[in-house]
Amino acid sequence: MTAAGSGRRGDPAATVPEAEFRSYYGQPIIKAPTWKTPDVPLYLLFGGTAGATAVMAVLAEATGRQRLARAGAVAAAATAASGTIALIHDLGRPARFLYMLRVARPTSPLSMGSWLLAAFGTLSGVAGTTAVTGWFPRLGRAAGWAAGLLGPAMMTYPAVLFADTAVPAWHEAYRELPFLFAGSALASGAGVGLLAAPTGESAPARRLAVAGAALEFAAERRLEGRLGALAEPYRQGAAGRWLRAGRALSVAGALGALAGRRSRVAAAVSGAALLAGAFCVRFGVFEAGRASARDPRYTVVPQRARLAARNGDGKLGEAKLGGAKFGGAKEE
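Under the numbering used here, the residues of the sequence shown are numbered 3 to 334, in order.
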């Protein structure tokens, strides 16, 4: 017995097989987000669209396309207000949004996002009101340009907020989510322009449609490739169906915008497809995060991958997730 035991201890080939994580007693490790549906997906859609249409309004005004500029300014004000309403409905009471403005913390994405929404909503509201009434045009123009400068932040800051959470599918996608949200926002903003502006002034909207759809597609492909098995929540279940629908609608809308340059009907159909695609993308990302929070594998395996990387050569390691390789965890 002693000799046999000593022989086993000295045998370098006698190794324990690598463990493969499969469950945590069937219970989630982290708490899934309590944000409501469709409040939060609508908030994401309206906020991104508001930022994109504000940028489109500035570009249209700079190039002398007054009807497109007016449509962009009005849409930015309307969608910013709609996004605020959706957010307040999710919070439950209007006072809770005001409480978020009591303190400005530069290190808090939630605090900075609240102030960004308040500032952008005010500026876009002034610009949209003057565009409709014709009152105080200089004030409206200045407010519109200021809102346009804040537009890119409106398009991307929800991605920063999502990535700052402990939800695995959001946290690990910190590199791609801002680009995915920006592309989706550009596409939805272009959709508004195609719906509201005459075909003779819709050239900037068509360019934004193509750029947005391309950026959205590239970011989604990059996300799925880099996250490995952690991209499963983005491909499977309800989230996968939403994202596939969003991808198809965005591509169809962009192609329609290019093909139907002189057709008002084609422009309107393309614009509607782009808006619907943007909503599907936002809903898909939201559902992917919730699915990853419910499954303990997506919490444990990335942690093990980071630990293995720290104990090894410092490079990002790989782990197994239900038989599939996991790679691409965020280094901290």
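Beta carbons: idealized from backbone N, C-alpha and C, even for Gly.
Remember, predicted model here, so these are calculated numbers, not experimental data.
Using the three-state DSSP reduction, which class does residue 2 fall into: helix, strand or coil? Given a span of 3 to 334 for the chain in the structure shown, any question on residue 2 remains unanswerable.
By the three-class DSSP mapping on this structure, what secondary structure does residue 34 have? In the sequence shown, counting from the first residue as 1, residue 34 sits at position 32. Coil.
Applying the 10 Å Cβ sphere with the 16-neighbour rule, what's the burial state of residue 105? Residue numbering aside, residue 105 sits at position 103 when the sequence shown is read from its first letter. Residue 105 counts as exposed, since fewer than 16 other beta carbons sit within 10 angstroms of its beta carbon.
Closest to residue 201 by C-alpha separation, out of 268, 302, 95, would be which residue? As a first step, residue 201 must be located in the sequence shown, where it is residue number 199. Per the Cα distances, 268.
CB residue 97 to CB residue 196, shorter than 9 Å? The residue you call residue 97 lines up with position 95 of the sequence shown. The residue you call residue 196 lines up with position 194 of the sequence shown. Going by C-beta atoms, residue 97 is not nearer than 9 Å to residue 196.
Residue 79, buried or exposed, once every other Cβ within 10 Å from all chains shown has been counted against 16: Your numbering for residue 79 matches position 77 in the sequence shown. Result: buried.
Counting contacts by CB-CB distance shorter than 9 Å, is residue 68 in contact with chain C? Considering every chain present, this structure includes no chain C. It has just one protein chain.
Tell me, please, whether the region 133 to 144 touches the region 43 to 57 by the rule of three or more beta-carbon pairs shorter than 8 Å. no
Alpha-carbon to alpha-carbon, residue 43 and residue 244: Within the sequence shown, residue 244 is the residue found at index 242, counting from 1. Within the sequence shown, residue 43 is the residue found at index 41, counting from 1. Whole-angstrom Cα-Cα distance: 12 Å.
Please report the straight-line C-alpha distance between residue 95 and residue 283, rounded to a whole angstrom. As a position in the sequence shown, residue 95 is number 93, starting the count at 1. As a position in the sequence shown, residue 283 is number 281, starting the count at 1. Taking the straight line joining both Cα atoms gives about 27 Å.
Buried or exposed for residue 304, going by 16 or more other Cβ atoms inside 10 Å? Translated into positions along the sequence shown, residue 304 becomes position 302. Buried, because 16 or more other Cβ atoms sit within 10 Å of the Cβ of residue 304.
Below 7 Å CB to CB, which residues in the same chain sit around residue 367 once its five sequence neighbours on both sides are set aside? Look at the range of the chain in this structure, 3 to 334, and you will see that residue 367 is not part of it.
So, helix, strand or coil for residue 138, using DSSP? Here residue 138 is taken as the residue at index 136 of the sequence shown, counted from 1. Looking at residue 138 - three-state DSSP - the assignment turns out to be coil, as it is neither helix nor strand.
Output the distance between the C-alpha atoms of residue 99 and residue 292, rounded to the nearest integer angstrom. Here residue 99 refers to the residue found at position 97 of the sequence shown. Here residue 292 refers to the residue found at position 290 of the sequence shown. Each residue's alpha carbon lies about 23 Å from the other.
Same chain, Cβ closer than 7 Å to residue 260, five either side skipped, listed in chain order: As a working note, residue 260 is residue 258 in the sequence shown. 208, 212.
Along the alpha helix (DSSP H) that carries residue 63, what are the first and last residues, could you check? Indexing the sequence shown from 1 puts residue 63 at position 61. First-last of the alpha helix (DSSP H) with residue 63: 41 to 64.
Given residue 224, which residues of its chain have a CB within under 7 Å of its CB, disregarding the five upstream and five downstream residues? Start at 1 with the first residue of the sequence shown, and residue 224 comes out as number 222. Here the set comprises 178.
Whose C-beta lies closer than 6 Å to the C-beta of residue 203 among residues of the same chain, with five residues either side of it excluded? Your numbering for residue 203 matches position 201 in the sequence shown. Answer for residue 203: 67, 69, 70, listed in chain order.
Going along the chain, which unbroken runs of the alpha helix (DSSP H) with 4 or more residues stay wholly within the region 271 to 310? None, since the region 271 to 310 contains no complete alpha helix (DSSP H) of that length.
Between residue 92 and residue 37, how many whole angstroms is the CB-CB distance? I'm expecting something under 8 Å. On the sequence shown, residue 92 is found 90 positions in, with the first residue counted as 1. On the sequence shown, residue 37 is found 35 positions in, with the first residue counted as 1. The pair is a contact, with the Cβ atoms about 6 Å apart (cut-off 8 Å).
Quick one: what's got a C-beta closer than 7 Å to residue 233's C-beta in the same chain, skipping five residues either side? Here the question's residue 233 lines up with position 231 in the sequence shown. 225, 226.
Check this for me: beta carbons of residue 180 and residue 162, under 9 Å apart or not? The residue labelled residue 180 in the question sits at position 178 within the sequence shown. The residue labelled residue 162 in the question sits at position 160 within the sequence shown. Contact: yes.
Could you give the distance in angstroms between the alpha-carbon of residue 247 and the alpha-carbon of residue 241? Taking the first residue of the sequence shown as position 1, residue 247 is located at position 245. Taking the first residue of the sequence shown as position 1, residue 241 is located at position 239. Spanning the two alpha carbons is a distance of roughly 10 Å.
Through-space distance from residue 287 to residue 88, alpha-carbon basis: For the purposes of this step, residue 88 is taken as residue 86 along the sequence shown, with counting starting at 1. For the purposes of this step, residue 287 is taken as residue 285 along the sequence shown, with counting starting at 1. Answer to the nearest angstrom: the Cα atoms are 17 Å apart.
Roughly how many angstroms separate the alpha carbons of residue 237 and residue 121, rounded to a whole number? Taking the first residue of the sequence shown as position 1, residue 237 is located at position 235. Taking the first residue of the sequence shown as position 1, residue 121 is located at position 119. Spanning the two alpha carbons is a distance of roughly 36 Å.
Please classify residue 158 as buried or exposed, where buried requires at least 16 other C-beta atoms within 10 Å of its C-beta. Translated into the one-based positions of the sequence shown, residue 158 becomes position 156. Counting Cβ neighbours within 10 Å, residue 158 comes out buried, since at least 16 surround it.
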